[in-house]
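Below is one structure, written out as structure tokens; the observations come after it.
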């Protein structure tokens with residue numbers, strides 16, 4: 001079994017995990033990226049410099065590469081890539097290639113923070129109050145139905161690009177305009193063009209503790225487990241220090257309920273904030289998230305589980321081996 | 001010889017480098033930090049949770065620890081720590097302890113971006129035009145002596161906290177106010193209180209390539225070499241991908257000239273921007289910088305050189321072994 005990770009960028013750890021997982025099968029690990037300047041290339045067996053994701057030829061190039069190199073599993077790692085590949089899942093399947101990605105509708109829901117908010121409120125999950133219409137927000141501020149500080153961010157945002165705190169109306173109006181400009185200047189413009197009139201989301205700021213969940217479904221969207229991490233130190237939207245928590249009943253229940261309603265495939269990376277002892281679900285990433293390595297380091301091995309599932313086997317690779325352990329990100333130069 | 005790295009935070013790689021360097025001497029590597037939650041603690045032989053740097057007892061606690069554990073070399077790794085320890089160098093020296101830090105005047109010059117700018121212009125180094133008085137900036141904008149985009153940042157800033165681009169007067173005025181608020185809300189408030197009236201610096205934005213220099217002086221401020229890195233990919237103010245360039249005459253000359261004028265001790269981490277083929281010196285960090293591991297991975301070993309110098313030996317550890325190599329940051333979980 002040969003595997004291709006697309007848009008792998010700096011996630012060299014995932015390349016290592018997958019290489020280790022397919023070693024017993026004598027499979028080869030391929031990595032693609034739109035530039036060869038990425039750390040993930042250093043650990044791959046084979047690499048492909050692909051066109052940009054929004055290039056017309058992107059799908060054709062990836063598909064041809066897969067056929068040529070007998071790749072049967074493709075795993076996208078970047079949000080824009082998820083959407084493009086999910087829309088083309090069938091083309092790949094016709095060629096005997098599984099793309100580990102949820103259906104396009106689910107990817108769109110996860111990538112669009114306003115659709116995520118609507119999904120959460122409609123299904124009874126607690127989440128920070130959010131707005132997409134600034135006129136409604138202003139009116140609710142006037143009527144004391146919502147209070148500063150507010151968080152403004154790109155509706156189709158990724159990482160910490162264009163995320164600002166507003167403490168008053170002047171800051172709110174300013175950042176609303178400034179974020180629009182930032183969106184136009186970076187890759188956020190691609191997906192943002194799907195909703196050209198409402199590209200900024202306004203959200204009640206929650207200042208409490210932060211958790212990250214890995215909610216795992218199998219290839220047929222059946223629930224397989226939730227792994228709970230308390231984020232101890234963050235840097236630019238990514239977790240630096242994290243505690244893997246076992247037997248967190250309440251968050252595991254939330255994970256299970258999200259899985260049942262969303263019906264995603266593979267990993268769903270979820271951010272949760274705490275306010276007054278209530279868990280507020282914040283955002284979804286329908287892929288391996290930046291916090292997955294903390295789950296992996298605790299003994300869970302989703303790459304191996306995915307391979308088991310593809311081979312129609314049961315998996316015993318979704319178990320934590322080290323309970324309640326604090327783990328640290330460490331930097332090396334290669 | 002036992003060594004203490006203070007404010008080591010997430011720089012676990014430096015702990016490893018220094019441990020390796022003192023192994024032949026049977027020395028122990030100690031690390032201090034104001035919280036035990038840091039990756040550097042994981043690799044140290046011994047650790048100390050110290051008071052906050054601005055705490056009255058900070059110096060006394062560090063000094064007592066050094067005496068108790070027979071530490072003869074202290075290396076601070078964080079800008080605020082540099083200033084506090086440089087002011088107390090003599091107290092340590094009286095106890096037979098070398099603090100690897102420049103004199104307080106030099107540290108202040110490096111930590112204060114306005115003093116850095118004045119040092120550079122007075123000594124004939126090219127640098128992006130900068131302002132500390134907004135009234136003068138406005139007047140120069142009116143007279144077309146400076147143009148947008150401008151970069152606004154905290155005068156005593158570190159990392160990428162509070163750094164914004166302004167494309168017009170509205171953005172300029174807004175961010176000037178907004179940055180003041182951000183300074184008050186984080187540790188930047190400590191050093192910023194040294195210049196309460198002018199806490200934001202305004203600078204012509206240079207959009208070209210970026211270089212990082214490690215300018216090395218020995219313990220007596222004698223020039224020992226300049227190592228040139230072209231920054232290929234950045235993330236939140238830190239280098240992700242970098243090319244170590246050998247024999248870059250022009251930048252090596254700039255490094256040598258800075259060393260001669262500044263007379264720092266140990267490593268000086270310098271940011272350089274390129275515009276119209278001219279090298280513009282931007283900022284100084286009078287310590288091991290975030291880009292040092294790229295220099296180290298190319299074969300230079302400053303920890304070993306420092307130990308040689310302390311033992312009054314010549315050093316042969318300041319040589320690049322791999323020429324013009326592109327190197328990548330890689331993330332592990334420990």
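Residue numbers (the UniProt record's numbering), protein chains in the order written: chain A, 1 to 334; chain B, 1 to 334.
Just so you know, even glycine gets a beta-carbon here, dropped at the ideal spot from N, CA and C.
The alpha helix (DSSP H) that contains residue i, what's its start and end?
i, result
"residue 240/A", "Careful: residue 240/A lies outside any alpha helix (DSSP H), inside the beta strand (DSSP E) at 238-245."
"residue 176/A", "169-184"
"residue 45/A", "Segment: none, residue 45/A is in no alpha helix (DSSP H) and carries neither H nor E."
"residue 161/A", "Careful: residue 161/A lies outside any alpha helix (DSSP H) and carries neither H nor E."
"residue 29/B", "Note, residue 29/B: premise wrong, no alpha helix (DSSP H); beta strand (DSSP E) at 29-33."
"residue 116/A", "113-122"
"residue 82/B", "79-86"
Under 7 Å Cβ-Cβ, which residues of chain A neighbour residue i?
i, result
"residue 240/B", "10"
"residue 233/B", "37"
"residue 174/B", "174"
Where do the ends of the beta strand (DSSP E) carrying residue i lie?
i, result
"residue 9/B", "That residue, residue 9/B, is in no beta strand (DSSP E); it is neither H nor E in DSSP."
"residue 54/A", "Residue 54/A -> no beta strand (DSSP E), and no H or E assigned at all."
"residue 101/B", "From DSSP, residue 101/B is part of no beta strand (DSSP E); its letter is neither H nor E."
"residue 76/B", "71-76"
Whose Cβ in chain B lies nearer than 7 Å to the Cβ of residue i?
i, result
"residue 297/A", "333"
Taking Cβ positions, are residue i and residue j nearer each other than 8 Å?
i, j, result
"residue 267/B", "residue 284/B", "no"
"residue 206/B", "residue 280/B", "yes"
"residue 159/B", "residue 212/B", "no"
"residue 155/A", "residue 195/A", "yes"
"residue 64/A", "residue 58/A", "no"
"residue 42/A", "residue 331/A", "no"
"residue 180/A", "residue 161/A", "no"
"residue 73/A", "residue 3/A", "yes"
"residue 203/B", "residue 150/B", "yes"
"residue 226/A", "residue 262/A", "no"
"residue 37/A", "residue 1/A", "no"
"residue 89/B", "residue 101/B", "yes"
"residue 53/B", "residue 97/B", "no"
"residue 307/A", "residue 22/A", "yes"
"residue 290/B", "residue 239/B", "yes"
"residue 109/A", "residue 119/A", "yes"
"residue 244/B", "residue 231/B", "no"
"residue 192/B", "residue 77/B", "no"
"residue 269/B", "residue 214/B", "yes"
List, in order along the chain, the chain B residues whose C-beta lies closer than 9 Å to that of residue i?
i, result
"residue 154/A", "By Cβ distance, chain B contributes nothing, its closest Cβ being about 17 Å from residue 154/A, past 9 Å."
"residue 13/A", "330, 331, 332 and 333"
"residue 180/A", "By Cβ distance, chain B contributes nothing, its closest Cβ being about 13 Å from residue 180/A, past 9 Å."
Classify residue i as helix, strand or coil using the three-state DSSP reduction.
i, result
"residue 196/A", "coil"
"residue 235/B", "strand"
"residue 93/A", "helix"
"residue 320/A", "coil"
"residue 275/A", "strand"
"residue 61/B", "helix"
"residue 252/B", "helix"
"residue 300/A", "coil"
"residue 148/A", "coil"
"residue 166/A", "strand"
"residue 37/A", "coil"
"residue 334/A", "coil"
"residue 280/A", "strand"
"residue 312/B", "coil"
"residue 125/B", "coil"
"residue 143/B", "coil"
Run down chain A in chain order and give the residues with a C-beta less than 8 Å from the C-beta of residue i.
i, result
"residue 321/B", "Those within 8 Å of residue 321/B in chain A number zero; the least Cβ separation is about 14 Å."
"residue 19/B", "Result: empty, since nearest Cβ-Cβ is about 14 Å, beyond 8 Å."
"residue 50/B", "Per Cβ cutoff of 8 Å: no residues; residue 50/B is ~17 Å from chain A at best."
"residue 42/B", "328 and 330"
Please list the partners that residue i has in chain A, where partner means a Cβ-to-Cβ separation under 9 Å.
i, result
"residue 293/B", "331, 332 and 333"
"residue 327/B", "333 and 334"
Tell me residue i's beta-bridge partners as DSSP assigns them.
i, result
"residue 269/B", "214/B and 285/B"
"residue 130/A", "203/A"
"residue 230/B", "211/B and 243/B"
"residue 153/B", "201/B"
"residue 4/A", "30/A and 74/A"
"residue 325/B", "244/B"
"residue 223/A", "217/A"
"residue 191/B", "Paired residues: none, contrary to the question."
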